[in-house]
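Written below as structure tokens is the structure these notes are about.
Protein chains: 2
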Amino acid sequence: MEIADWRNKIDELDEQIVKLISERAAAAVAIGKLKQESDAPIYEPNRERVVFAHVRDINPGPLSGVQVQDIYERIMDVMRTLQRPVETK
Amino acid sequence: MEIADWRNKIDELDEQIVKLISERAAAAVAIGKLKQESDAPIYEPNRERVVFAHVRDINPGPLSGVQVQDIYERIMDVMRTLQRPVETK
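Sequence order for the protein chains is D and Y.
The first sequence: position 83 = 92 (our numbering), numbered continuously.
The second sequence: position 6 = 15 (our numbering), numbered continuously.
Below you can see the structure in the form of structure tokens.
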């Protein structure tokens, strides 16, 4: 396969990744609403640790566990922003 | 759905996301090898711009385009590291 072929494959993967990240974001919004209703804190370091451990655990490579967690730290940062009420965004 | 149900859904989504990001990483490794063979540069800002435009374009929400790009900037940073020869990692 040439570079152009691999890039076509990457573009297709990105379409699936963006779709799944968006579904994850919709779930985070739903959780944010439930948290607001119950006055629960938005930032829950224990849950974030569970997520990081999970993604490192299921990582098949070639990324290292640190690299997968690095990507997920950004994902979690963005998801947290999404849970904050509009006026504090 | 309760918070615990949404979290189960998120864990399932993460399993698919990590799988796809790993496939993307494997494709980046393959491209890195082709680049090394042809002495092409690892950092290609034009290609990165195309990727960012693509993911913003296909983004269905609820994330903003900026937020999706924010996640992808981290993904691209990590993928670039993966393309560098081992001795400069």
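For glycine and all other residues, C-beta sits at the position ideal for the given N, C-alpha and C.
Would you call the region 52-65 of chain Y and the region 35-50 of chain D touching, i.e. three or more CB-CB distances under 8 Å? Touching, no.
Practice task
Compute the Euclidean distance between the alpha carbons of residue 96(D) and residue 78(Y), then round it to the nearest angstrom.
Solution key: Summary for residue 96(D): the model assigns pLDDT 49, below 50, so the residue's position carries little reliability, and this model does not support an answer.
If the cut is a Cβ gap below 7 Å, which residues of chain D does residue 24(Y) touch? In chain order: 67.
Worksheet item: Helix, strand or coil for residue 83(D) per DSSP?
Response: Annotated three-state conformation of residue 83(D) is helix, per DSSP.
| query | Going straight from the alpha carbon of residue 56(D) to that of residue 89(D), what length do you get? | reply | Their Cα atoms are separated by approximately 12 Å.
Can you give me the C-alpha to C-alpha distance between residue 76(Y) and residue 29(D), rounded to a whole angstrom?
Their backbone Cα atoms lie some 14 Å apart in a straight line.
Residues near residue 83(D) by beta carbon distance below 7 Å, same chain, minus five either side
No residues qualify anywhere along the chain.
Q. Given that residue 71(Y) touches chain D, what residues does it touch there, using C-beta distances under 9 Å?
A. Per Cβ cutoff of 9 Å: 31, 34, 35, 37, 38, 91.
Exercise for the section: Tell me whether the beta-carbon of residue 13(Y) lies closer than 9 Å to the beta-carbon of residue 12(D). Expected result: Judged by beta-carbon spacing, residue 12(D) lies beyond the 9 Å limit of residue 13(Y), meaning their Cβ atoms are not closer than that value.
Cβ-based burial, residue 81(D) [other Cβ within 10 Å; buried from 16] = So residue 81(D) counts as buried.
- Message: Are the CB atoms of residue 23(D) and residue 51(Y) within a distance shorter than 9 Å?
- Response: Their beta carbons are not under 9 Å apart, which means residue 51(Y) does not touch residue 23(D) by this criterion.
Identity of the residue in 91(Y), 25(Y), 20(Y) nearest residue 58(D) by Cα
Nearest option by C-alpha distance: 20(Y).
| said: Quick test of your reading: residue 26(Y) and residue 26(D), contact by CB under 8 Å. State the CB separation rounded to the nearest angstrom. | reply: With 8 Å as the limit, residue 26(Y) and residue 26(D) qualify as a contact, their Cβ atoms being about 6 Å apart.
Exercise. Counting along the chain, where does the alpha helix (DSSP H) carrying residue 49(D) start and finish?
Worked result: For residue 49(D), there is no enclosing alpha helix (DSSP H), as DSSP gives it neither H nor E.
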